[in-house]
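Chain order of the listed sequences is A, B and C.
Heads up: the first sequence begins at 260 in my numbering, then just goes up one per residue.
Heads up: the second sequence begins at -13 in my numbering, then just goes up one per residue.
Heads up: the third sequence begins at 117 in my numbering, then just goes up one per residue.
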Amino acid sequence: MSHYIFILIGTVLVNNVVLVRILGLCPFMGVSKKLETAYGMGAATTFVLTVGTGSSWIIDHYLLMPFDLMYLRIIAFIVTIAAFVQLTELVIQKTSPMMHQTLGIYLPLITTNCAVLGVPLLALGAKYDFVESLLFGAGSSVGFSLALILFAGIRERIEGADVPTYFKGTAIALVTGGLMSLAFMGFAGLDKYQ
Amino acid sequence: MISALAIMALGAIILGAALGFASIKFKVYGNPLVEKIEGLLPQTQCGQCGYPGCHPYAEAIAKGEADINLCPPGGEEGVRKLADLLGREVKALNAEEKPKQVAIIDENTCIGCTLCIQACPVDAIVGAAKQMHTIIAKQCTGCELCLPPCPVECIAMVAIPETVDNWKWKYPVTEIRKAA
Amino acid sequence: MLQLFKFKGGVKPATNKVQSVTLPIAVAPLPTRLAVPLHQSIGGMPRPIVEVGDKVLKGQKIGEADGWISAAVHAPTSGTVIEIGLYPAAHPSGLTAATVVIEPDGQDRWIDRQPVDYATLEPEAVRELLREAGVVGLGGAVFPTHGKLTASKTVPMEEMVVNGAECEPYITCDDLLMRERAEEVVRGAGIFRDLLRPKKVLIGIEDNKPEAAAAMRAAITALGDAFREFEVVVVPTRYPAGGAKQLIRVLTGKEVPASKRSTDLGVQCFNVATAYTAWRAIAHGEPVISRLVTVTGNVDQPRNYEVLIGTPMDELLRLGQPKADTDGIIMGGPMMGFLVPDQAAPVVKATNCLIAHSPELFPPKPPEMPCIRCGECARACPHELQPFEMYWFSRAKNFGKTQEYAIFDCIECGCCSYVCPSRIPLVQYFRFAKSEIWTREREKEAAEGAKNRFEFKQLREEREKAEKAEKLAKAAAAQAAKKAAEALAAASAPAETAAPASALVAAPAPDATSTPDAVKKATIEAAMERARAQRAAVQPKNIDHLPPAVEKEIAEIDARHTQVFGTADTAPADGEKNN
């Protein structure tokens, strides 16, 4: 039990996907201008990442390993992730066309999000079993959403601040992201077990 | 080799079928975005954007045919609101932003021809054939569509005067240092 | 002993009230002219019912209330109406407002005053009387009082609060009113009590006014059993304890939220001066034509005056003998008042105090510095708002967020600006944000209306087109039927007559459609010619020796013309008088 909790804490805080592993920066910079879009993107990525990690583990253990097809790992994972992203896009377009419009191109870009491919690969590399890899995926996506929402909140406040002209927009956002990374470094050593 | 192909093909078929089924189940009709865009436009129906009214312009924006900076009555504020809604870049207005004006008819020259009444897109002119025409200032949007049709050129545009009722507090400005 | 409650926040500035309470109330002398603005209350603007040149008596109605939430306006003294037009307004913008200017004749003759025993009248009639007498809230909000005298249908009225707190520094008009005219204040509150029927009437007075509290207590005791539910409650001095919601909280513990009216919680609040004017209106038949104004600040003789509404502020200030370095007049107190842009502006029903401004007494504020988020403003806010957040978003012009932080709950009391260590003029930012939001609301409503009218116009045009097409179709069908009938008749008759008959039938049809258009075009051409000829023909002939009636008419037309078109006369290209 504590093993699962450590995995969760590890993925959400200590080894946060965006701020410590520095994966998945495209939506982190692109969708974080407003809090509402950050929520939407966080939810979409959570679904894709969790289901994607689980299904990638299943594909790897029951389809690829028995037939010794490890070299097909990346292609197979991308195909499944792409299908899940497309499904997510259809659902979002139906339930919230506003969200679909504002997320724009970043919704299909979840397919090429390095975090969404990287997390299943990392889970397999750590030799987790199914439940552990599912938790790993879920925790990573929660960490991604956390970082995204915090960042969006800060960016919304920066909108009203007196930023020097040449720092406006992406520049000050990158500075903020860097400072957030530094802050999350403080979680190192939290996950001390065994 | 065969097993690799077979597995990939199997995966493709399963996922493709699932997606096909989902795309039918979650089909979207119409485009509610147009109403949202139209809600942000000033409803002057003046045609300065190049479209015959605010609804056609909203449709063009939703389709992606029109840029968001074509509406002078909406001003810079309107461009910013549209940019916020659609997640597009804020651009400078492509026309000059004029202060709000209303039209006024010089009643001595009006001949009662009703041409301006037909031209006004929001029915802000009251009158009938051979009767005096007058413009209801509160309902005039300042679109200037009534000026060309008037044969005796009795309509003029005047800026809306600032009264105690529509006066706004100004943005606070503090003097840091007097200019030498 | 009534248990008092506390409200969070508030500040304790120096009260500066001692200067103006040493002398009793003085009646201000008649000024040289009285400019009575028509719009002196919240709500509809009264219509003038007098004309230039009319002789008016003191207390005569000169402005008829427009709608239910509106109050009438009266002449403050007898005299002649010399002007009805735009005159400097007692407003921070410095703009003009519709005003009736009266020149006093010095005789100060009253109308025939009709005192009324209100116990014999229906409540509706009493409210109507108050509206006709121009009774409005004299605490500063100038809301028509008759609009506040209806209890809620579902919630019984429990307490009626009479606001004698007068928390703002420098102002002492309510203090002296209670000291000298306590009985009339209590009787006036009695009228409100009879209309609202609360269980208790609580008169809140700050503890820096012991004489006023004593006078009011004595008046209540003297009036006996009829006022037994009246109680004077002394509240701790803290700004803004005199705010309606704050006083209600202190005396009753109830917190009135922004979305509700205070009557929904069974409580209502009136100012002492309002109660006084209500009594004068009902029991003496005197409409609201004067009020107490404190003249203080950089003057040699600060004191309270009973001033006629419409007195120019500079004339009133001179009575206090302003010192040499006075450079302006503040209307209101130092926390919520504003510097009057034009000193000729008149005293209105909302004017409770005039403070003579000097750079020594009110040193200029240092420039604002960045917000350090110390939170002092949130600690001082009496409504528990977050001024630093509202400031941040007002500054960024993000008005949606300011409303999320409840900017419309802000009463602009000035506590936050008072405590800010960075000297940020917070209230100015909030006022800016509020007026921008109101402007946007107005524009949105106008746009909605324009859109509806546009859609209706489209609908109407299509309908007319459809009707026209139907009519044409019917006419064509009728023609065809007639032709067929004629052909039938002609077939039985001799052949020669058939041809001309059918020709006759066929001929008018094509002409019928073309002639109306041609006729219209011809009339339009003729009209254009006439207009052109008129413009060319109007030469200013014989305008030197015109009879005075015609001269007056020309002058009136010119005045109307300038009012409509602005200062520049829009003369046509040929440059003649556009008459």
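Don't be surprised by glycine CBs; every beta carbon is placed ideally from N, CA and C.
Where DSSP assigns a beta bridge to Cys469 (chain C), which residues make up the other side? According to DSSP, Cys469 (chain C) bridges with C:Thr410.
For Tyr298 (chain A), tell me which candidate among A:Ile417, A:Leu393 and A:Phe403 has the shortest Cα-Cα distance. Among A:Ile417, A:Leu393 and A:Phe403, the Cα nearest to that of Tyr298 (chain A) is on A:Phe403.
Give, in chain order, every unbroken run of the alpha helix (DSSP H) that is at least 4 residues long and sits entirely within the stretch 278 to 318 of chain C. Listed in chain order, they are 289 to 296 and 298 to 312.
Just mark Ala649 (chain C) as buried or exposed, buried being the case when its beta carbon has 16 or more other beta carbons within 10 Å. Classification of Ala649 (chain C): exposed, given that the 10 Å Cβ count is below 16.
When Cβ atoms are compared, which residues of the stretch 43 to 68 of chain B fall closer than 8 Å to chain A? Hits within the stretch: zero.
Shorter than 8 Å from the beta carbon of Thr361 (chain A) to some beta carbon of chain B? Chain B has a Cβ within less than 8 Å of the Cβ of Thr361 (chain A).
Please tell me whether Lys22 (chain B) has its Cβ less than 8 Å away from any Cβ of chain C. Cβ-Cβ to chain C under 8 Å: no for Lys22 (chain B).
Could you list the residues in the stretch 418 to 437 of chain A with a C-beta less than 7 Å from some C-beta on chain C, going in chain order? Answer in chain order: Glu418 and Gly419.
Ile334 (chain A) versus Ile540 (chain C) - alpha carbon distance: Spanning the two alpha carbons is a distance of roughly 60 Å.
Just the C-alpha distance for Glu238 (chain C) and Lys122 (chain C), rounded to the nearest angstrom, thanks. The C-alpha of Glu238 (chain C) lies about 39 Å from the C-alpha of Lys122 (chain C).
According to a CB-to-CB cut-off of less than 7 Å, which residues of the stretch 340 to 351 of chain A neighbour chain B? Listed by position along the chain: Ala342, Gln345, Leu346, Leu349 and Val350.
In the DSSP output, what is Ala214 (chain C) paired with across the bridge? Bridge partners of Ala214 (chain C): C:Leu202.
I'd like the span of the alpha helix (DSSP H) that includes Ile0 (chain B), first residue to last. Run containing Ile0 (chain B): Ile(-12) to Lys11, per the alpha helix (DSSP H) assignment.
In chain order, what are the residue ranges of uninterrupted beta strand (DSSP E) at least 3 long that sit wholly in the stretch 426 to 492 of chain C? Every unbroken stretch of the beta strand (DSSP E) spanning 3 or more residues and falling wholly within the stretch 426 to 492 of chain C is given here in chain order: 444 to 447 and 469 to 473.
Does the stretch 157 to 176 of chain C come close enough to the stretch 434 to 452 of chain C that 3 or more CB-CB pairs lie under 8 Å? Too few Cβ pairs lie closer than 8 Å, so no.
What do you get for Asp290 (chain C), buried or exposed, if any count of 16 or more other CB atoms within 10 angstroms of its CB means buried? Around the beta carbon of Asp290 (chain C), 16 or more other beta carbons sit within 10 angstroms, so the residue counts as buried.
Round the Cβ separation of Asn414 (chain C) and Ile287 (chain C) to the nearest angstrom and send it over; I've been treating them as touching at under 8 Å. Your pair Asn414 (chain C) and Ile287 (chain C) does not check out as a contact, with CB atoms roughly 16 Å apart and the cut at 8 Å.
Own chain partners of Lys315 (chain C) with C-beta closer than 6 Å, once the 5 adjacent residues on each side are dropped: Contacts found: Glu274.
3-residue-minimum beta strand (DSSP E) runs that sit fully inside the stretch 58 to 130 of chain B, ordered along the chain: Within the stretch 58 to 130 of chain B, the complete beta strand (DSSP E) runs of at least 3 residues are 87 to 91.
Ordered along the chain, which non-local residues of its own chain (more than five positions away) have a Cβ less than 7 Å from that of Gln453 (chain A)? Residue confidence for Gln453 (chain A) is low, a pLDDT of 44 falling below 50, so the modelled location carries little weight; the figure read from the coordinates is stated next. Answer for Gln453 (chain A): no residue qualifies.
Looking at the unbroken alpha helix (DSSP H) that takes in Glu248 (chain C), where does it start and where does it end? Per DSSP, the unbroken alpha helix (DSSP H) holding Glu248 (chain C) starts and ends at Pro239 to Glu248.
Among B:Gln34, B:Glu82 and B:Ala89, which one has its Cα closest to the Cα of Ile146 (chain B)? Selected option, being the one with the closest Cα: B:Ala89.
Alpha carbon of Lys124 (chain C) to alpha carbon of Arg547 (chain C), nearest angstrom: Roughly 23 Å between the two C-alpha positions.
Applying a beta-carbon distance threshold of less than 7 Å, which residues of chain B neighbour Met644 (chain C)? For the C-beta of Met644 (chain C), the chain B residues within less than 7 Å are, from N- to C-terminus, Pro137 and Val138.
Who are the near neighbours of Ile198 (chain C) in its chain, counting only those whose CB is closer than 6 Å to its CB and skipping five residues on each side? Cβ within range, chain order: Val217 and Glu219.
C-beta neighbour in chain A for Ala89 (chain B), strict 8 Å: Residue contact check for Ala89 (chain B) against chain A: no CB pair falls below 8 Å.
Measure the alpha-carbon distance for Thr424 (chain A) versus Gly384 (chain A) and round it to whole angstroms. When rounded, the distance between both Cα atoms is 45 Å.
Go ahead and label Gln544 (chain C) buried or exposed: buried means 16 or more other beta carbons lie within 10 angstroms of its beta carbon, across all protein chains shown. The residue in question, Gln544 (chain C), is buried, as its Cβ has 16 or more Cβ neighbours within 10 Å.
Listing by chain order, which chain A residues have their CB less than 9 Å from the CB of Trp508 (chain C)? Chain A residues near Trp508 (chain C): Arg416, Gly419 and Ala420.
Can you give me the Cβ contacts of Ile340 (chain A) inside the same chain, cut-off strictly under 7 Å, excluding the 5 residues immediately before and after it? Result list for Ile340 (chain A): Val307, Gly311, Thr370, Val375 and Leu376, in chain order.
Thinking C-alpha only, which one of C:Pro462, C:Ser378 and C:Pro418 is nearest Ile425 (chain C)? Of the listed residues, the one whose Cα sits closest to Ile425 (chain C) is C:Pro462.
Is Ala302 (chain A) close to chain B, meaning its C-beta is less than 8 Å from at least one C-beta of that chain? No - not a single Cβ of chain B is within 8 Å of the one on Ala302 (chain A).
Ile141 (chain B) bridges to which residues according to DSSP? In DSSP, Ile141 (chain B) forms a bridge with B:Ile91.
Going along chain B in order, which residues have a C-beta closer than 7 Å to the C-beta of His207 (chain C)? Near His207 (chain C) (Cβ distances below 7 Å), the residues of chain B are Val150.
Would you say Arg149 (chain C) reaches chain B, if we count a Cβ-Cβ gap shorter than 8 Å as a contact? For Arg149 (chain C), the answer is no, since every Cβ of chain B falls outside 8 Å of its Cβ.
Starting from Ala196 (chain C), follow its DSSP beta bridges and name the residues at the other end. The question names Ala, yet the displayed sequence has Thr at residue 196 (chain C). Under DSSP, Thr196 (chain C) forms a beta bridge with C:Lys171 and C:Glu219.
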